[in-house]
Amino acid sequence: MTNLQYKNHTFQPNPRRISVSYVQNIAAHLLPAYGTLSQPLGPRCRVVRCEGEVFDTSNADTAAAKLRAIAALCDDSASGMLYLPTGQQFEAVVSRFSYTAQGDGRILSYAVEFTETERKGVQEE
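Quick note, the sequence shown lines up with residues 217 to 341 if you use the numbering used here.
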């Protein structure tokens, strides 16, 4: 399995948890005396949520530097290619970033969320 990569940053190690959400837009129409009929409207943009830790067992400054690299990546509002460990890749933007520092700072937890920038539906003929 390869490592998660966004733009030119490779996550070392991979985040502890990576979840990918696929959502379809569905409209429900109430038809009198018939019931409800659903109509697929197409896919929404994929959302990738990652949770992980950066750490250095001997030096809190090194762990902080690793976290700063991720934070700088998230500060840039421009989209970039997201490469998942499964081999999937798509254009995405960082939609959420947070981190938690506890104890002596040698282990820092982070959460980052990526949202796909464009998702095209299947056109009917």
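No residue lacks a Cβ here, since even glycine has one placed at the ideal position from N, Cα and C.
Here Q305 has M297, L298 and Y299 as same chain residues with Cβ atoms under 8 Å from its own Cβ, once five neighbours each way along the sequence are excluded. Distance from the CA atom of I286 to the CA atom of V239, rounded to whole angstroms, is 27 Å.
Per the C-alpha coordinates, the member of K223, E332, T316 and N275 positioned closest to S325 is T316. The Cβ neighbour count for Y250, taken over all protein chains shown within 10 Å, is under 16; the residue is labelled exposed.
In the structure shown, C266 adopts extended strand secondary structure according to DSSP, grouped into three states. With fewer than 16 other beta carbons inside 10 angstroms of its own, P229 counts as exposed. With fewer than 16 other beta carbons inside 10 angstroms of its own, G303 counts as exposed. Taking each of Y222, D272 and R262 in turn and checking the Cα distance to E334, the smallest one comes out for R262.
With 16 or more other Cβ atoms from the protein chains shown falling within 10 Å of its own Cβ, L283 counts as buried.
Within a 10 Å sphere around the beta-carbon of P231 sit 16 or more other beta-carbons, which makes this residue buried. The Cβ neighbour count for A244, taken over all protein chains shown within 10 Å, is under 16; the residue is labelled exposed.
Relative to the Cα of R312, the nearest Cα in the group C290, S295 and T278 belongs to C290.
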